[in-house]
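Chemist:
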Amino acid sequence: MAAMNTENTKAQMRKGILEYCILGLLLRSSAYAVDIINELRKAEVIVVEGTLYPLLTRLKNAGLLSYRWEESPQGPPRKYYELTGPGRSYLAELDQAWEELVDSVQQIRAKK
Amino acid sequence: MKKTTSIHLAGQLFSIDEEACRILADYLEHVAARFRNEPGGEETITDIETRIAEIFGGGQEPPLLVSRDMVQRMIEVMGAPEEYAAAAEGEVEPAERKPLYDPRALRARAGKTLAGGWHVIRILMAALLRILAVLLGTMLTIFGFLSLFIFTLIFFFNHSPMVTGIMEPNLVNTPMLLEMVLNPPLVRPVLLLTALAVLIPLAVMTYIGVKLIFRLGAISKLVKVLVFVVWIAAVCGTVVLISLQVSAYGHHARVVEKVQVRAPLKTLWIAPLHKLSGVAFDDMAAVDGYTFRRQSATGQLFGTAELDIYGSDTSAAWISVEKMGRSNSAEGARSNARKVDYHWKISRDTLYLDEYFSLPAGAPWNGSSIDIDVWLPEGTMVRLVPGAVLSTWHVRCEDPAATRFRIRAGSLEELTGQ
Chain L
-9 MAAMNTENTK AQMRKGILEY CILGLLLRSS AYAVDIINEL RKAEVIVVEG TLYPLLTRLK
51 NAGLLSYRWE ESPQGPPRKY YELTGPGRSY LAELDQAWEE LVDSVQQIRA KK
Chain F
9 MKKTTSIHLA GQLFSIDEEA CRILADYLEH VAARFRNEPG GEETITDIET RIAEIFGGGQ
69 EPPLLVSRDM VQRMIEVMGA PEEYAAAAEG EVEPAERKPL YDPRALRARA GKTLAGGWHV
129 IRILMAALLR ILAVLLGTML TIFGFLSLFI FTLIFFFNHS PMVTGIMEPN LVNTPMLLEM
189 VLNPPLVRPV LLLTALAVLI PLAVMTYIGV KLIFRLGAIS KLVKVLVFVV WIAAVCGTVV
249 LISLQVSAYG HHARVVEKVQ VRAPLKTLWI APLHKLSGVA FDDMAAVDGY TFRRQSATGQ
309 LFGTAELDIY GSDTSAAWIS VEKMGRSNSA EGARSNARKV DYHWKISRDT LYLDEYFSLP
369 AGAPWNGSSI DIDVWLPEGT MVRLVPGAVL STWHVRCEDP AATRFRIRAG SLEELTGQ
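Same order as they appear, the protein sequences are chains L and F.
Per the working numbering, residue -9 is the first one in the first sequence, and the count goes up by one each step.
Per the working numbering, residue 9 is the first one in the second sequence, and the count goes up by one each step.
#1: Assuming ASN181/F and ALA305/F make a contact with CB atoms under 8 Å, what is their CB distance in whole Å?
#2: Under three-state DSSP, which class holds LYS5/F?
#3: How long is the line joining the alpha carbons of LYS232/F and GLY145/F, rounded to whole angstroms?
#4: Starting from ALA23/L, find everything on chain F with Cβ-Cβ shorter than 8 Å and list it in chain order.
#5: State yes or no: is the beta carbon of GLU101/F nearer than 8 Å to at least one beta carbon in chain L?
#6: In angstroms with no decimal places, state the Cα-to-Cα distance between HIS127/F and ALA41/F.
#7: Taking just the CA atoms, how far does SER419/F sit from TRP352/F?
#8: In angstroms, rounded to a whole number, what distance separates the CA positions of SER328/F and ARG262/F?
#9: When the Cα atoms are used, what is the spatial distance from LYS347/F to GLY333/F?
#10: Based on DSSP bridge pairs, tell me the residues matched to GLY311/F.
#11: On a CA-only basis, which of VAL218/F, VAL195/F, TRP277/F and LEU143/F is nearest THR246/F? Give me that one, please.
#12: Alpha carbon to alpha carbon, how far is LEU281/F from ALA288/F? Give it in angstroms, no decimals.
#13: Closer than 8 Å by C-beta to ALA325/F: which residues in its own chain qualify, once you throw out the five before and the five after it? Chain order, please.
#14: By the 10 Å Cβ neighbour count, where 16 or more other Cβ atoms means buried, how is MET184/F classified, buried or exposed?
#15: Between which two residues does the alpha helix (DSSP H) carrying PRO372/F extend?
#16: Find the residues of chain F that neighbour ASN28/L, judging by a C-beta separation of less than 9 Å, and give them in chain order.
#17: Once you ignore the five residues that flank ALA28/F on each side, which residues in its own chain have a CB closer than 6 Å to its CB?
#18: With respect to the beta strand (DSSP E) encompassing LYS331/F, which residues constitute its N-terminal and C-terminal limits?
#19: Could you compute how far the alpha carbon of PHE22/F sits from the alpha carbon of PHE222/F?
#20: Give the DSSP-derived three-state secondary structure of THR202/F in the structure shown.
#21: If you follow the beta strand (DSSP E) that ARG30/F is part of, which residue opens it and which one closes it?
#22: Short of 7 Å in beta carbon distance, which residues of its chain neighbour VAL198/F, apart from the five on each side in sequence? Order them along the chain.
#23: Helix or strand or just coil, what does DSSP make of ALA103/F?
#24: Which residues, taken in chain order from the region 35 to 54 of chain F, show a beta carbon closer than 7 Å to some beta carbon of chain L?
#25: What would DSSP say about THR146/F, mapped onto helix, strand or coil?
#26: What first and last residue would you give for the alpha helix (DSSP H) that runs through ASP290/F?
#27: Can at least three beta-carbon pairs, one atom from the region 113 to 120 of chain F and one from the region 64 to 76 of chain L, be found at a separation below 8 Å?
#28: So TYR10/L contacts chain F; which residues on that side make the cut at Cβ distance below 9 Å?
#29: Do you know offhand how far GLU99/F's Cα is from GLU46/F's?
#30: Which bits of chain L does MET86/F rub up against, with CB to CB less than 7 Å?
#31: When you compare the CB positions of ILE216/F and LEU148/F, do they come within less than 8 Å of one another, or not?
#32: Assign THR47/L to one of two classes, buried (16 or more other C-beta atoms within 10 Å of its C-beta) or exposed (fewer than that).
#33: What residues match up with SER343/F in a beta bridge as DSSP calls it?
#34: Taking Cβ-Cβ distances shorter than 9 Å, what residues in chain F pair up with THR47/L?
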């Protein structure tokens, strides 16, 4: 039971930073959904691919991302996502929040 | 062998086995149920479908066959809809989440039962449609092939002894018939174009029938277009060539010779004057009982005359012989009518008739014909001299060998016995 709770907490923590990770990845360059998934998988932030698509839609609808179509070597054209101006500002705020969060946790841990 | 079906996923065609199709349909239904009512939900659904198509290796020709294992691997990669939808909503996953699908729920059991029933109905419908397709295919194949066979014989082997024996007297020697009504150099092109115009649809009908029975694959569009273009060209070519020729038959003229038989007749005997057996010919053609003969050396044509015998309104007997000719002018038609050579005479109670009419050597047919009309008073007997038969002049009798007739109720009645 203890192991299950740990996994559940880790899953919730990963979910919490998922948007931040996606925005962070797209800061480097525009990317196709599968490229994003592969990076997130490597970092063990995401487990199943399906998680990504509703998030991308939500971020796009919030004006943080936009996309362009590019031809695919096989199959239909692909959506390449990129950060918008508001997306960059939002990411900068998240960067700051992340730093503060890490500091806060480290402070709490150091007081132990 | 597993049954397969074709589906379109994100605009791409896949072959998929039935079980895999059912699992995939369930999965997509779950995805749709999760996102359908959310802002941008349709876009998310489309993105997910596009990714699934990509996982299946879409865009290949011929389409890949998607198996149950491939669908299950895809679900492992994509995850269950209830797993990932929560992330989009920003929800915190509860430690024990209520599953989306409870197999014990009444609606789940009812759904399963209905789905099972629908599955059976689908199988029955598919079997029924297959039976109908095979029946229709069999009918089309048999009808198309027989028609194709018969018309091929008519067009290309009509003059062979075997076919002549079968077709006579309805249709014999199509090339000669065409040579009579068309300019000789146009006969082969018209024959070929007409054959294409008739045979191509019959060949297509046969092919469709065979395809329905054996589920043949579709033929390439290029072949379809090519066949259609050839057929259209053949139809247009036939119509144009024949239309040009038909103008040569635009006017017709009749030259009529009519006599009244003054002496009262109890019996009219009919006897041949010039017999067909006396004509030297080496080519023959027939259509609908009208027979034409030709001497190849001189090109002279011989046709058969048509005799009609009616009851007269009066006590007098009348005989009318009408020569008809056609041409592209009224004068030409009259001239052609006069050129028709036919002899007849009435001597006492005997009507002598040529068994054929002839045209000048080398002259084309020009729609020439001979109509002999005989009006006889009620009760007059009509008899044939030995060896003569009325069918020589296209008079249709129940007994072709009948020799005794009588005018009764205004028409010719066939008498049995001697």
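Every residue gets a Cβ at the ideal spot worked out from N, C-alpha and C, and that includes glycine.
Since we're looking at a predicted model, the values are computed, not measured.
Modeler: In short, the structure shows the following:
#1: Translated into the one-based positions of the second sequence, residue 181/F becomes position 173. Translated into the one-based positions of the second sequence, residue 305/F becomes position 297. Your pair ASN181/F and ALA305/F does not check out as a contact, with CB atoms roughly 18 Å apart and the cut at 8 Å.
#2: Outside the modelled stretch of chain F, which goes from 9 to 426, sits residue 5/F, for which no answer is possible.
#3: Numbered from its first residue, the second sequence carries residue 232/F at position 224. Numbered from its first residue, the second sequence carries residue 145/F at position 137. Those two C-alpha atoms are separated by around 19 Å.
#4: On the first sequence, residue 23/L is found 33 positions in, with the first residue counted as 1. Identification of chain F residues near ALA23/L by a Cβ-Cβ cut-off of 8 Å yields ASP55 and ARG59, ordered along the chain.
#5: The residue labelled residue 101/F in the question sits at position 93 within the second sequence. Low confidence applies here, because GLU101/F scores a pLDDT of 44, under 50, leaving its location unreliable and the question unanswered by this model.
#6: Stepping through the second sequence from its first residue, residue 127/F is reached at position 119. Stepping through the second sequence from its first residue, residue 41/F is reached at position 33. Their Cα atoms are separated by approximately 22 Å.
#7: The count along the second sequence starts at 1 and reaches residue 352/F at position 344. The count along the second sequence starts at 1 and reaches residue 419/F at position 411. So the two alpha carbons sit approximately 23 Å from each other.
#8: Within the second sequence, the letter at position 320 stands for residue 328/F. Within the second sequence, the letter at position 254 stands for residue 262/F. Between the alpha carbons of SER328/F and ARG262/F lies a distance of about 12 Å.
#9: Mapped onto the second sequence, residue 347/F falls at position 339. Mapped onto the second sequence, residue 333/F falls at position 325. Going from the Cα of LYS347/F to the Cα of GLY333/F covers about 8 Å.
#10: For the purposes of this step, residue 311/F is taken as residue 303 along the second sequence, with counting starting at 1. Answer is PHE300/F and PHE365/F, bridged to GLY311/F.
#11: As a first step, residue 246/F must be located in the second sequence, where it is residue number 238. That would be VAL195/F, whose Cα lies nearest to the Cα of THR246/F.
#12: Your numbering for residue 288/F matches position 280 in the second sequence. Your numbering for residue 281/F matches position 273 in the second sequence. Each residue's alpha carbon lies about 16 Å from the other.
#13: On the second sequence, position 317 is the one that residue 325/F refers to. Excluding residues within five positions, the ones whose Cβ falls inside 8 Å are GLN268, VAL269, LEU273, LEU276, VAL382, TRP383, LEU384, PRO385 and THR388.
#14: Counting from one through the second sequence, the residue named residue 184/F turns up at place 176. Under this definition MET184/F is a buried residue.
#15: By 1-based counting over the second sequence, the position of residue 372/F is 364. First-last for PRO372/F: undefined, no H or E at that position.
#16: By 1-based counting over the first sequence, the position of residue 28/L is 38. Chain F residues near ASN28/L: none, gap ~12 Å exceeds 9 Å.
#17: Taking the first residue of the second sequence as position 1, residue 28/F is located at position 20. Result list for ALA28/F: VAL74, SER75, ARG76 and VAL79, in chain order.
#18: For the purposes of this step, residue 331/F is identified with residue 323 of the second sequence, where counting begins at 1. Following the DSSP letters along the chain, one finds LYS331/F inside the beta strand (DSSP E) bounded by residues 325 to 335.
#19: The residue you call residue 22/F lines up with position 14 of the second sequence. The residue you call residue 222/F lines up with position 214 of the second sequence. Pairing PHE22/F with PHE222/F, the inter-Cα distance amounts to about 22 Å.
#20: Looking up residue 202/F in the second sequence gives position 194. Helix, per DSSP.
#21: Your numbering for residue 30/F matches position 22 in the second sequence. First-last for ARG30/F: 26 to 43, but that is the alpha helix (DSSP H), not the beta strand (DSSP E).
#22: Reading the second sequence from its first residue, position 190 is the one you call residue 198/F. Taking VAL198/F as the centre and dropping the five residues before and after it, the same chain places the C-beta of LEU186, LEU190, THR246, LEU249 and ILE250 closer than 7 Å to its C-beta, in chain order.
#23: On the second sequence, position 95 is the one that residue 103/F refers to. In this prediction, ALA103/F scores a pLDDT of 42, lower than 50, which makes its location untrustworthy; the coordinate-derived value is nonetheless stated afterwards. Three-state DSSP puts ALA103/F in coil, outside helix and strand.
#24: Only those residues of the region 35 to 54 of chain F whose C-beta falls short of 7 Å from the nearest C-beta of chain L are listed: PHE43, PRO47, GLY48, GLU51 and THR52.
#25: Residue 146/F sits at position 138 when you count from the first residue of the second sequence. It is helical.
#26: Here residue 290/F corresponds to residue number 282 of the second sequence, with the count starting at 1. No alpha helix (DSSP H) holds ASP290/F; DSSP gives it neither H nor E.
#27: Short answer: they don't touch.
#28: Along the first sequence, one-based indexing puts residue 10/L at 20. Using a Cβ-Cβ cut-off of 9 Å, TYR10/L is close to nothing in chain F; its nearest Cβ partner there is about 13 Å away.
#29: On the second sequence, position 91 is the one that residue 99/F refers to. On the second sequence, position 38 is the one that residue 46/F refers to. Any reading at GLU99/F needs caution, since the residue's pLDDT is 45, under 50, leaving its predicted position unreliable; the model's value is listed next. Between the C-alpha atoms of GLU99/F and GLU46/F there is a straight-line separation of about 14 Å.
#30: Stepping through the second sequence from its first residue, residue 86/F is reached at position 78. In chain order: VAL38, GLU39 and GLY40.
#31: Within the second sequence, the letter at position 208 stands for residue 216/F. Within the second sequence, the letter at position 140 stands for residue 148/F. Contact flag set, yes.
#32: Walking along the first sequence from the start, residue 47/L turns up at place 57. Per the 10 Å Cβ criterion, buried.
#33: Taking the second sequence and counting its residues from 1, the one referred to as residue 343/F is at position 335. Assignment of beta-bridge partners to SER343/F by DSSP yields no partner.
#34: Numbered from 1 along the first sequence, position 57 holds the residue referred to as residue 47/L. Simply PHE43, GLU46, PRO47, GLY48, GLY49, GLU51, THR52, ASP55 and ALA96.
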